[in-house]
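For reference, the structure discussed in these notes is given below.
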Amino acid sequence: MEQLKTAIVTRRDALIALTQDLIRIATLNPPGRRYHEICEYLQARMSPQGWDCTLVRAHGAPGDSEDFPRWNFVARHKGARQGDVVHFNSHHDVVEVGHGWTRDPFGGELDGDRIYGRGSCDMKGGLAASIIAAEAFVALNPEHAGMIEISATADEESGGYGGVAYLAEQRAFAHVDHVIIPEPLHKDRICLGHRGVWWAEIETQGRIAHGSMPFLGDCAVRHMGAVLDEMEATLWPLLAGKHTGMPVIPEGARSSTLNINSIHGGAAEQAEDYTGLPTPCVPDRCRIVIDRRFLIEEDLAEVKSEVTALLEKVKAQRPSFQYEVRDLFEVIPSMTDKDAPVVRSTAAAIERVLGREAGYVVSPGTYDQKHIDRIGKLKNCIAYGPGVLDLAHQPDEWVGVQDMLDSALVMALVLDDLLGNTKIET
Ligand SMILES: [Zn+2]
């Protein structure tokens, strides 16, 4: 371990510079800016060091257009003999800046141990740490086994369809044995997976009429009010009573949850510069978008039937009530077994580097593991990387240099365990 540690520590300046360079390429999503540029930057860095680099555009994927093409980067370092394939996958896109910054969001400013910028923590710091880890490992083990892959992919923040999902559909994970996603889950924790998601739009339907004679119409907003009342009375208590064995953090997310993302009813809201009055109409449509997060112990069909049962109950009490439910998005929960090879190897490395046992967590929301699991059919996948999750998407986001160095050493030790020469000798 000492040799690898030295190899990482001597790359401290390179790690900082790499992280800063990545932050300074403002890969904002939406709309998906400068994706090609960040892929070219990575190619220019890794290609001269013997990495076989490919740029892949997700032609026709959601979000892909001539103005904002969805570019992805994959680098491969082939070993000298047969062995496993270890893949590090990071997303290169970042979310909007938002308000409240006291630092330049795309300056990559280093202040003490911290590098500031949008995407520093989520997750350009993780991408940089995995590259430095692989470079340090390869320098010490040019004859390593198998293959190391590093990808930087598009659109994780908007579902990953122009990124990991596209690559998985092209069978980019078919030959891969182990996947580490360096999302900012903290250097001493292994994230095994995530809860499930069901987004749906519920529409209540009525009949339009003049607002002075509402009895001639049928108000869709009042129907929706009855739906919301029923949710308050029965659905939220039901969900709060469902608990999971998944180690989800924060703990509040160890129950099923439901958020109402939006509500719209009646006439559309007027433009800000409109100076007239609204018209008097009975709303004939009201829509809500629900965001239901479910547990590995739950079944998606059952999750959906809870909502339809509730709507049927309201319908039975309101003779004219009509509704429609439209599915928008669904993700099945994913959780890697604690005994999976990549989990065991990472846990052992964390213990060696940090002198304490690894923690195991599950994410309340999803990330690209869903595509690797479902499309790539690969279960041996975790998220592990530097950074404090709470800082993601916040103003003055930062990543700690020491955290990056520590997690880079963990990743290098995992490579050593899975592809190193020591394995052969023992
Ligand atoms: Zn992320």
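546 is the number that the numbering used here gives the last residue of the sequence shown; the numbers go up by one with no jumps.
Glycine included, every Cβ here is placed at the ideal spot set by N, Cα and C.
- Around the beta-carbon of A436, fewer than 16 other beta-carbon atoms lie within 10 Å, marking it exposed.
- Here DSSP, grouped into helix, strand and coil, assigns H343 to helix.
- Judged by DSSP in its simplified three-state form, M267 adopts strand.
- When secondary structure is reduced to three states using DSSP, L305 falls in the coil class, being assigned neither helix nor strand.
- Under the Cβ criterion (8 angstroms, minimum of three pairs), the region 190–205 counts as touching the region 252–272.
- Inclusion of A274 and D213 in the CB contact set at 8 angstroms is warranted, their separation being smaller than that value.
- By the criterion of a C-beta distance shorter than 7 angstroms, G220 is surrounded in its chain by P515, once the five residues flanking it on both sides are discounted.
- In the structure shown, D204 falls within a strand segment according to DSSP collapsed to helix, strand and coil.
- When only Cα atoms are considered, E389 and F449 end up about 26 angstroms apart.
- For S250, the enclosing alpha helix (DSSP H) starts and ends at G245 to L260.
- Out of I502, C501, E517 and N500, the CA that lies nearest to the CA of V508 is found in E517.
- The region 323–338 and the region 456–468 do not touch, with fewer than 3 CB-CB distances between them shorter than 8 angstroms.
- As for any alpha helix (DSSP H) of minimum length 4 sitting wholly inside the region 384–442, the runs are 420–437, ordered along the chain.
- Counting along the chain, the unbroken alpha helix (DSSP H) around S527 starts and ends at V521 to L539.
- Using a cutoff of 7 angstroms, the CB of D242 counts as near ligand 1, since one of the ligand's heavy atoms is closer than that.
- Spanning the alpha carbons of G239 and H306 requires a straight line of approximately 15 angstroms.
- Around the beta-carbon of V129, fewer than 16 other beta-carbon atoms lie within 10 Å, marking it exposed.
- At a Cβ-Cβ threshold of 8 angstroms, P506 and G485 do not count as neighbours.
- Contact between E216 and L287 is absent: CB atoms are separated by about 25 angstroms, not below the 8 angstroms threshold.
- Here K125 carries a helix assignment [DSSP, helix/strand/coil].
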